[in-house]
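Listed in order, the protein sequences are those of chains X and S.
For the first sequence, the residue numbers in our numbering are 178 to 287.
For the second sequence, the residue numbers in our numbering are 11 to 120.
Glycine included, C-beta positions come from ideal geometry on N, C-alpha and C.
Only a predicted model underlies this, so the values are computations on that prediction, with no experimental measurement involved.
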Amino acid sequence: DAGITQSPRHKVTETGTPVTLRCHQTENHRYMYWYRQDPGHGLRLIHYSYGVKDTDKGEVSDGYSVSRSKTEDFLLTLESATSSQTSVYFCAIGLNSPLHFGNGTRLTVT
Amino acid sequence: GQNIDQPTEMTATEGAIVQINCTYQTSGFNGLFWYQQHAGEAPTFLSYNVLDGLEEKGRFSSFLSRSKGYSYLLLKELQMKDSASYLCAVRVGQGGKLIFGQGTELSVKP
Numbered sequence: 178d179a180g181i182t183q184s185p186r187h188k189v190t191e192t193g194t195p196v197t198l199r200c201h202q203t204e205n206h207r208y209m210y211w212y213r214q215d216p217g218h219g220l221r222l223i224h225y226s227y228g229v230k231d232t233d234k235g236e237v238s239d240g241y242s243v244s245r246s247k248t249e250d251f252l253l254t255l256e257s258a259t260s261s262q263t264s265v266y267f268c269a270i271g272l273n274s275p276l277h278f279g280n281g282t283r284l285t286v287t
Numbered sequence: 011g012q013n014i015d016q017p018t019e020m021t022a023t024e025g026a027i028v029q030i031n032c033t034y035q036t037s038g039f040n041g042l043f044w045y046q047q048h049a050g051e052a053p054t055f056l057s058y059n060v061l062d063g064l065e066e067k068g069r070f071s072s073f074l075s076r077s078k079g080y081s082y083l084l085l086k087e088l089q090m091k092d093s094a095s096y097l098c099a100v101r102v103g104q105g106g107k108l109i110f111g112q113g114t115e116l117s118v119k120p
């Protein structure tokens, strides 16, 4: 177990509402990542962080923002959720070693 | 652009050998990873290749040819518990970011 906790594990929300997903790690890794996983697309990188307050965009960042105020926490926010953001969201940590993934958050936007 | 291709589905028989292929075209290459993902769970790391050749780890082996942009994962003595999705991923540039293929769903039949 790489010490990664995602919360919540499941969430149902309505279109247009804000949603924040949390990733918490106990490994003191500098690098943290948010991916989404959809059928037919595999895992796609949304945003990543390389330190406190240091973040950058991935390949599918539109509609998402992130914050990293502490080493252990990386937050993903959907400012105004849309049905296309229904997905499973995975947080990961790591740099030169293989990435280790959290157990995921299943988000449904109705 | 970044492109990683692997077959969508494969079926094999318990006790047999199966080879899952992955081809990639990426801007930059800093290693190739294979992950296993059971339904509803997080991806877990299986193997890593950064130099050409074969890496063996128990029943699992992975091969890389950088000049051909090609890798395969070989699973021997298949067991029912090997039924899962197998994800090929390439690390590009600095920062540990992984680009994933869409995954190969392997079904092991008795």
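Strand pairing of residue i, partner residues [DSSP]
i               : result
G63 of chain S  : S:L74
H187 of chain X : X:R283
Residue i - DSSP class collapsed to helix/strand/coil
i               : result
Q262 of chain X : helix
D239 of chain X : coil
K86 of chain S  : coil
K119 of chain S : strand
K91 of chain S  : helix
E19 of chain S  : strand
A269 of chain X : strand
I27 of chain S  : coil
V102 of chain S : coil
S257 of chain X : coil
F55 of chain S  : strand
S37 of chain S  : coil
T194 of chain X : coil
L97 of chain S  : strand
Alpha-carbon spacing of residue i relative to residue j, whole angstroms
i               : j               : result
E65 of chain S  : T190 of chain X : 45 Å
G152 of chain X : E236 of chain X : A question about residue 152 of chain X goes unanswered here, because the residues of chain X that appear run from 178 up to 287.
L108 of chain S : K119 of chain S : 31 Å
G68 of chain S  : T194 of chain X : 48 Å
C4 of chain S   : G113 of chain S : The structure shown does not extend to residue 4 of chain S, since chain S is modelled only from 11 to 120, so the question has no answer here.
S95 of chain S  : H48 of chain S  : 6 Å
L85 of chain S  : E115 of chain S : 13 Å
L276 of chain X : V100 of chain S : 12 Å
S274 of chain X : F70 of chain S  : 19 Å
L61 of chain S  : Y212 of chain X : 27 Å
V265 of chain X : T182 of chain X : 15 Å
8 Å contact criterion, which residue i and residue j should meet: CB distance rounded
i               : j               : result
S72 of chain S  : S57 of chain S  : 4 Å
T203 of chain X : V286 of chain X : Rounded, the Cβ-Cβ distance is 30 Å, inconsistent with contact.
N205 of chain X : T248 of chain X : 6 Å
T254 of chain X : Y241 of chain X : 7 Å
K230 of chain X : R245 of chain X : 6 Å
G106 of chain S : L97 of chain S  : About 16 Å separates the two Cβ atoms, so there is no contact after all.
Y227 of chain X : I270 of chain X : At roughly 12 Å, the Cβ-Cβ gap does not stay under 8 Å, so Y227 of chain X and I270 of chain X are not in contact.
T282 of chain X : L198 of chain X : 5 Å
Point to revise | Contiguous beta strand (DSSP E) assignments of at least 3 residues, all confined to the segment 202-236 of chain X | key: 209-215, 219-228 and 231-234
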